[in-house]
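Here is the structure we will look at.
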Amino acid sequence: EIHTLLGQTKSMGDPRLGTRLKHLVAATRSKSGQPLQEIAKGLNIELGEQNLVELEIYLPGGEITSLQQRVQSVGGSLVALPEQQTAFAHIPLAQLEAFLDQAPGNYFDVTRPFEPFFGGLTGEGVPMMDVEKLHKAGITGKGVTVAILDMGFQGHQELIAAGELPES
């Protein structure tokens, strides 16, 4: 059994902990002698040079303030997204179990590293814009700087009313 979340004793079946996180916590308690960095790597968890575990935390109650205090108390850092009821915390591996013992939240998991896809997929926009003609004309985009200005979802109600966006 592992002691996690709000001081309650939890078994490996605790639904509030992601599978990789359960295994990492179990490894921190193990006396196997295998280095934790090696175990983390086997679980596809990147610890970095400072042995920090990046956690994704689901907070439906919006308990950001108490979570922030708890993260700071174990020497970690936090990025909160209250509108998405989610937070990302960097917790020192040595403090992981102590953090989980008292941390508010309904679901905890180790973040997954982003993996780019380098397959042979051609987006729909490429043929629609006649990119092949531009390439044949010598226009390749090499040296071009691109900026993306995300204005959010302003005006989406008008687009829904106009039938351009679905209601859900």
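Counting the sequence shown from 1 gives a position; the numbering used here is that position plus 190.
For every residue, glycine included, the Cβ atom is placed at its ideal position computed from N, Cα and C.
Contact annotation: the segment 287 to 297 touches the segment 249 to 266, with at least three C-beta pairs closer than 8 Å.
In the three-state reduction of the DSSP assignment, Ala352 falls in the coil class, being assigned neither a helical nor a strand state.
As computed with DSSP, Ala279 is found in a beta bridge with Leu245, Leu268.
A Cβ-Cβ contact shorter than 8 Å links Pro282 with Gly265.
The beta carbon of Ala230 sits closer than 7 Å to the beta carbons of Leu214, Leu237 from its chain, once the five residues preceding and following it are set aside; these are given in chain order. Ile247 counts as buried, since no fewer than 16 other beta carbons sit within 10 angstroms of its beta carbon. Nearest neighbour of Ala288 by Cα position, chosen from Thr218, Gly309, Gly353, turns out to be Thr218. Using a Cβ distance threshold of 8 Å, Val300 and Leu211 count as a contacting pair. Assigned with DSSP and collapsed to three states, Asp299 falls in strand. With respect to the C-alpha of Ala270, the residue from Leu226, Glu253, Ser263 having the closest C-alpha is Glu253.
According to the DSSP assignment, Pro317 belongs to the alpha helix (DSSP H) that extends over 315 to 318.
Per DSSP, the unbroken alpha helix (DSSP H) holding Glu287 starts and ends at 286 to 292. When DSSP states are grouped into helix, strand and coil, Leu211 belongs to the helix group. For the options Asn241, Leu355, Ala327, Lys323, the alpha carbon positioned closest to that of Gln344 is the one of Leu355. A residue is called buried when at least 16 other Cβ atoms come within 10 angstroms of its Cβ; Glu244 meets this threshold and is buried. Distance from Phe298 to Leu242 at the Cβ level is roughly 15 Å; contact not present, criterion being Cβ atoms closer than 8 Å.
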